[in-house]
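Under numbering that gives the first Met the number 0, think of the first position of the sequence shown as 0, with each following residue one higher. No residue lacks a Cβ here, since even glycine has one placed at the ideal position from N, Cα and C. Predicted model only: the values in this text are computed from it and were never measured. To start, the structure itself, in structure tokens.
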Amino acid sequence: MTDLAATDDLFFERTGLDRARVEGILEDALDGVDDGELFLEYRQSESLVLDDGRLKSASFDTAQGFGLRAVDGETTGYSHASEISEDALRRAGETVKTVKTGRGGTFAAPPTGTNRSLYVADNPLNLVDFERKVKLLTDIDAYARARDERVHQVSASLSGQWQAVQILRPDGTRVADIRPLVRLNVSVVAAKGERLESGSYGTGGRISYDGFLTPETWRGAVDEALRQALVNLESVPAPAGEMAVVLGPGWPGILLHEAIGHGLEGDFNRKKTSAFSGLMGQRIASPGVTVVDDGTIDDRRGSLSVDDEGTPGQYTPLIEDGILTGYIQDRMNARLMGAGSTGNGRRQSYAHVPIPRMTNTYMLAGPDDPEEILRSVKNGLYAVTFGGGQVDITSGNFVFTCTEAYRIEDGKVGAPVKGATLIGSGPEVLTKVSMIGSDMELDPGIGTCGKDGQGVPVGVGQPTIKIDGLTVGGTAV
Numbered sequence: 000m001t002d003l004a005a006t007d008d009l010f011f012e013r014t015g016l017d018r019a020r021v022e023g024i025l026e027d028a029l030d031g032v033d034d035g036e037l038f039l040e041y042r043q044s045e046s047l048v049l050d051d052g053r054l055k056s057a058s059f060d061t062a063q064g065f066g067l068r069a070v071d072g073e074t075t076g077y078s079h080a081s082e083i084s085e086d087a088l089r090r091a092g093e094t095v096k097t098v099k100t101g102r103g104g105t106f107a108a109p110p111t112g113t114n115r116s117l118y119v120a121d122n123p124l125n126l127v128d129f130e131r132k133v134k135l136l137t138d139i140d141a142y143a144r145a146r147d148e149r150v151h152q153v154s155a156s157l158s159g160q161w162q163a164v165q166i167l168r169p170d171g172t173r174v175a176d177i178r179p180l181v182r183l184n185v186s187v188v189a190a191k192g193e194r195l196e197s198g199s200y201g202t203g204g205r206i207s208y209d210g211f212l213t214p215e216t217w218r219g220a221v222d223e224a225l226r227q228a229l230v231n232l233e234s235v236p237a238p239a240g241e242m243a244v245v246l247g248p249g250w251p252g253i254l255l256h257e258a259i260g261h262g263l264e265g266d267f268n269r270k271k272t273s274a275f276s277g278l279m280g281q282r283i284a285s286p287g288v289t290v291v292d293d294g295t296i297d298d299r300r301g302s303l304s305v306d307d308e309g310t311p312g313q314y315t316p317l318i319e320d321g322i323l324t325g326y327i328q329d330r331m332n333a334r335l336m337g338a339g340s341t342g343n344g345r346r347q348s349y350a351h352v353p354i355p356r357m358t359n360t361y362m363l364a365g366p367d368d369p370e371e372i373l374r375s376v377k378n379g380l381y382a383v384t385f386g387g388g389q390v391d392i393t394s395g396n397f398v399f400t401c402t403e404a405y406r407i408e409d410g411k412v413g414a415p416v417k418g419a420t421l422i423g424s425g426p427e428v429l430t431k432v433s434m435i436g437s438d439m440e441l442d443p444g445i446g447t448c449g450k451d452g453q454g455v456p457v458g459v460g461q462p463t464i465k466i467d468g469l470t471v472g473g474t475a476v
């Protein structure tokens, strides 16, 4: 959403910058290149962590700065500083000029404007006082311990940030956005004799803290973390081998994000280092598989009213009925590939260059009853929640660890298992999807994506799906 008045107060009035002189510095620095911008950022962030009834840490941080980028062909010049002043901007301008080839490129047109806002701009850090935040965490600890005598340890954390950005181009275009982001996490360790098992649950979004203060929300988070811990107390060693795997709805979409989503980002495909390079218009998934990247959902963790280049967030189909139809694009890679930006130019902060990144990436619902999907499996695995994972973009090979999973025997969900990993290839796994549930869910708002040393908030989602013949690494002998 364009909110220039609010960000002008942060970046011009507060710092004493003269807008006309700043625009002159920008025009001089970017004269003769293909694209670029001045990115101004002001950010407040805080984190509170409670462990076993005691406030373990509490932090508050304020940061501000700018990043100046010049793009000439495939080359990027970038300079950033935490000092927002005309002198610092001039020095940055001299630095980025070094990328100029002298060929006198035509400067790219600005992004299309928008007045749409996907989240409330109020600063969530100021709306709830410190004492209420601490009380929320202590209430979580007390409630978890009262719920079950097997609770051995409780950890809870609350974090939030408020980010204001303004993006200026030498043609006079200015775009601004004010972005809230909050998250609540609960972790429970349960004990049975000498055995300890854990469960966790998190929730968040581009919202205020108010929603977390209601007992319905935070008690629900505790109940889910405790349920998972108690399930894992009864888990048996996971089987190993190739078998049918059913992925639950919501957070298991992280496998889709990592194993397929990264491979559809524009930079990997322009450089032909993705397993999906050169496959546009071809079938890469089973019929019925439709995957989108959607930055336009209100209040979602991965949503953006505008991206970090000033392009409005968009709904971008990537795979339609199994056919590859789109890539995730920032401005530079889109221009070099003869396409348009999809609103996915993102950066961690002013100190980082924007690159193609996902927003909320998910698979659309299908026609199948989730219960029927489970009944169709004679011998397999039902994966409900994932932990960490790794993927190789070039080959598409991935390994994911299940934090909650069950045996499926004769169409019925059986015993919980521990130590299950899913091993496969992104390009192959989508071709093995044989059933797609009608129960599409988005994750509860906890995703953070890492790429090129940058972390940004994202969302994932999917319905229940059945994958025929996926390799499961287990601990059963």
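For residue i, which residues in the same chain have their Cβ closer than 6 Å to its Cβ, ignoring the five residues on either side in sequence?
i, result
"A163", "T6, L9, Y41 and I177"
"A414", "V235 and R406"
"G260", "M357 and T360"
"L229", "A189"
"I305", "It is worth fixing the name first, because residue 305 is Val in this sequence and not Ile. Answer for V305: V174, D176 and P311, listed in chain order."
"K55", "V48"
Grab me the residues of residue i's own chain with a C-beta within less than 7 Å of its C-beta, minus the 5 sequence neighbours each way, in chain order.
i, result
"E440", "P248, G249 and G460"
"R13", "none"
"D50", "S154"
"Y142", "R218 and V221"
"T74", "V98"
"D329", "G265, E308, S340, N343, G344, P353, I354 and P355"
"D467", "A243, K431 and S433"
"E319", "T289"
Looking at residue i: is its Cβ nearer than 7 Å to the Cβ of residue j?
i, j, result
"G265", "I327", "yes"
"T202", "L225", "no"
"R68", "G15", "no"
"G294", "T360", "no"
"D138", "G52", "no"
"A389", "G342", "In the sequence on display, residue 389 carries Gln and not Ala. It is not a contact, given that the beta carbons lie outside the stated cut-off."
"G386", "T402", "yes"
"P169", "E26", "yes"
"A155", "L136", "yes"
"T94", "S78", "yes"
"I392", "S199", "no"
"L469", "L421", "yes"
"W161", "Q63", "no"
"T315", "P110", "no"
"S437", "A364", "yes"
"F11", "R20", "no"
"G254", "K132", "Note that residue 254 corresponds to Leu in the displayed sequence, not to Gly. Not a contact, by the Cβ cut-off of 7 Å."
"D71", "K99", "yes"
"L429", "A333", "no"
"D33", "G104", "yes"
"A404", "V416", "yes"
"G325", "L335", "no"
"P426", "G395", "yes"
"H351", "Q227", "no"
"K191", "L126", "no"
Between residue i and residue j, how many whole angstroms is the CB-CB distance? I'm expecting something under 8 Å.
i, j, result
"G410", "P238", "Their Cβ separation, rounded to whole angstroms, is 17 Å, which puts G410 and P238 out of contact at 8 Å."
"R146", "V221", "7 Å"
"V188", "K465", "With a Cβ gap of about 33 Å, V188 and K465 do not count as contacting."
"P355", "E308", "P355 to E308, Cβ: 11 Å. No contact."
"V288", "I435", "7 Å"
"V376", "A243", "5 Å"
"K271", "G277", "7 Å"
"E45", "S158", "7 Å"
"L29", "F106", "7 Å"
Please return the same chain residues whose Cβ sits closer than 8 Å to the Cβ of residue i, not counting the five positions on each side in sequence.
i, result
"G458", "I296, R299, R300, G301, S302, T358, N359, T360, Y361, L441, D442, G444 and G446"
"E193", "none"
"F65", "L37, F38, L39, E40, H79, A80, I83, A87, L88, A91 and Y349"
"I206", "Y118, V119, P123, P179, V181 and D298"
"V471", "A237, P238, A239, G240, E241, M242, V244, L380, A419, T420, L421 and I422"
Legend entry - 4-residue-minimum alpha helix (DSSP H) runs that sit fully inside the region 108-133, ordered along the chain: Segments of the alpha helix (DSSP H) lying fully in the region 108-133: 123-126.
Legend entry - Segments assigned beta strand (DSSP E), at least 3 residues, entirely inside the region 10-78: As far as the region 10-78 is concerned, its whole beta strand (DSSP E) runs of at least 3 residues are 34-50 and 53-71.
Legend entry - Whole runs of the beta strand (DSSP E) within the region 373-414, excluding any shorter than 3 residues: Runs found: 378-390 and 396-408.
Inset, instruction - Ignoring anything shorter than 3 residues or poking outside the region 433-458, list the beta strand (DSSP E) runs there in chain order. - result: Listed in chain order, they are 446-450.
Legend entry - Secondary structure, alpha helix (DSSP H): runs of 4+ residues fully inside the region 303-344: You should have 330-335.
Inset, instruction - Mind the definition here: the region 364-384 touches the region 340-353 only if three or more C-beta pairs lie below 8 Å; say whether that holds. - result: Under the 8 Å Cβ criterion, the region 364-384 does not count as touching the region 340-353, having fewer than three qualifying pairs.
Legend entry - 4 or more residues per run - each alpha helix (DSSP H) lying fully within the region 219-306: Here the runs fully enclosed are 252-255 and 265-269.
Legend entry - Residue ranges of each beta strand (DSSP E) within the region 152-191, 3 or longer: Listed in chain order, the complete beta strand (DSSP E) runs (minimum 3 residues) inside the region 152-191 are 173-191.
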